[in-house]
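Here the structure is laid out as structure tokens; the discussion comes afterwards.
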Amino acid sequence: MTIIELRSGNKLAVSVEPVTDEDFKKLTVKRYFFNWKKLKGQPLLFKLVHPVSGDILGLMHLLDFPQEDRIEVKLLAVSVENKGVGKHFDRIAGNLIAFTCRLAIAKYGYKACISLIPKTELKPHYIRAYGMMDAGLQVYLDGRPLFNLLKKYIQ
Amino acid sequence: MKKAFAGLTDKQIAESFVLPVKLSIRQQAEASAQLATARAKSLEQAKPVDKLLARILQLRFQLEDYLKSESYQPTRTFGHFLKEYQQLGGKKRKEFAYEINIHETLLSQLISDRREPGEQIFIRLELHSNKTIPASYWFRLVEKKKAYQLQHDSKIRQREKKNVKKSLALQEDDLPVF
């Protein structure tokens, strides 16, 4: 699992880990766009961490639906310096979504599915960026397209 | 859309965010039904090779997570994971033993943890899985059990005490707590 430092082109190996109570002090709306503190105590909150500085570069909240063999990406954000033109690192969101695919496979095997509910205008971009499939109000990954995303980011 | 996203194109937003979307109860039901229909179709079209790939990746990730974790679980042995591996391919023991060129009896002994696997078994399993599960994972699984046993074996400590004639001149109070 790697991100790319756009200034140098260097690849950096990163990890995705559960958010700890200690992290919440740093999770400001100014840097991470949403009030993550509201989600304190939720079981599936993850951070993507810079390997050297330990800085949190991205955050994600997941919901697990065991009866549907599915994990939903409910909320995801990169840190403020990693959005748009001039961002420092690339592939943060992709790695977080691929991590969700890994979780789903480990838990649900061949029935594994991940999904998200997109804002209408963003839907085509999720489909293009991550190979997601259109299910109307939701986009999702399962089967071969899910393996492809894993291959692109994790293996 | 939030002020914070002003100046970003839709593409840039999708590349960096999944935004919260609230659905009405009617929309939630519709979304679930749509997704269930789409997934039923995907599952129907899935090829046997896709199912096999998913199962082997599942085993690989479970192995990775167990090897990474600090905890030792006595039931998660080499034999346990080997049995899972044999079964995920839908193979009978005899057939699987043939494919990795060992006697069926040896395979049974490995699965029941009555025999220690050698390096050649780790390598054969890696090759059999087309490198999906590296030999080092199987090795580390055996190593993890040995490390746990070594750490908790008080009998061997008692037995070996007599063979250590002199130890480093450190008092218990001098040592950091691990």
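Sequence lines, in order, name chains A and B.
Just so it is clear: in the first sequence, position 94 is 94 by my numbering, and no numbers are missing.
The number in my numbering is simply the position in the second sequence, starting from 1, with 1000 added.
Yeah, the Cβ is synthetic: ideal placement off N, Cα and C, and Gly gets one too.
Because the structure is a prediction, the values reported are computed rather than measured.
Beta-bridge pairing by DSSP links V78 of chain A to A:G58.
The beta carbon of D23 of chain A sits no closer than 9 Å to any beta carbon of chain B. Around the beta carbon of T120 of chain A, fewer than 16 other beta carbons sit within 10 angstroms, so the residue counts as exposed. When secondary structure is reduced to three states using DSSP, A1046 of chain B falls in the coil class, being assigned neither helix nor strand. Taken atom to atom, the span from the alpha-carbon of E17 of chain A to that of L1043 of chain B is near 30 Å. The alpha-carbon of A1014 of chain B is positioned some 10 Å away from that of I127 of chain A. Restricting attention to A:F99, A:G86 and A:A112, the CA atom closest to the CA of V49 of chain A is found in A:F99. Rounded to whole angstroms, E1172 of chain B and V14 of chain A show a C-alpha spacing of 40 Å. By the Cβ criterion, the stretch 1017-1036 of chain B is in contact with the stretch 136-146 of chain A, since at least three pairs of Cβ atoms, one from each stretch, lie closer than 8 Å.
The three-state reading of DSSP puts E72 of chain A in strand, counting E and B together. At least 9 Å separates the CB of S1112 of chain B from every CB of chain A.
Here the stretch 1058-1067 of chain B lies against the stretch 100-115 of chain A, with 3 or more beta-carbon pairs under 8 Å apart. Where A135 of chain A is concerned, the enclosing beta strand (DSSP E) starts and stops at M133 to A135.
S1167 of chain B counts as exposed, since fewer than 16 other C-beta atoms from the protein chains shown sit within 10 angstroms of its C-beta.
The stretch 1154-1167 of chain B makes no contact with the stretch 1078-1089 of chain B, as fewer than three CB pairs between them are under 8 Å. No residue range can be given for Y110 of chain A, since it is assigned to no alpha helix (DSSP H) and is classified by DSSP as neither H nor E. Contact between the stretch 1105-1125 of chain B and the stretch 1047-1063 of chain B is absent: fewer than three C-beta pairs spanning the two stretches fall below 8 Å. Using beta-carbon distances, I1013 of chain B counts as an interface residue toward chain A, with a partner under 9 Å. When B:S1069, B:R1060 and B:S1108 are compared, the shortest CA-CA separation from K1083 of chain B is found for B:S1108. For A1006 of chain B and M60 of chain A, the gap between their C-alpha atoms comes out near 21 Å.
Under the 10 Å beta carbon count, E1116 of chain B is surrounded by fewer than 16 other beta carbons and is classified as exposed. Comparing C-alpha distances from N95 of chain A to each of A:L6, A:Y153 and A:N35 shows the shortest one belongs to A:Y153. Judged by their CB atoms, Y1137 of chain B and R1060 of chain B are nearer to each other than the 9 Å cut-off. Residues of chain A whose Cβ lies closer than 9 Å to the Cβ of F1081 of chain B do not exist; the shortest such Cβ separation is about 14 Å. Non-local beta-carbon contacts of L146 of chain A in its own chain, meaning distances under 6 Å to residues more than five positions away in sequence, involve C101 in chain order. DSSP places D1113 of chain B in the coil class of the three-state scheme, outside both helix and strand. Burial state of S1129 of chain B is buried, judged by a 10 Å Cβ sphere holding 16 or more other Cβ atoms. Secondary structure of P124 of chain A (DSSP, three-state): helix. In this structure, the straight-line span from the alpha carbon of E1160 of chain B to that of E1143 of chain B is close to 22 Å.
By a beta-carbon distance limit of 8 Å, L122 of chain A does not contact D1113 of chain B. Their separation comes to about 51 Å. Boundaries for I1123 of chain B: no beta strand (DSSP E) harbours it, while the alpha helix (DSSP H) harbouring it runs E1119 to H1128, taken from the DSSP string.
Secondary structure at P66 of chain A: helix, using DSSP grouped into helix, strand and coil.
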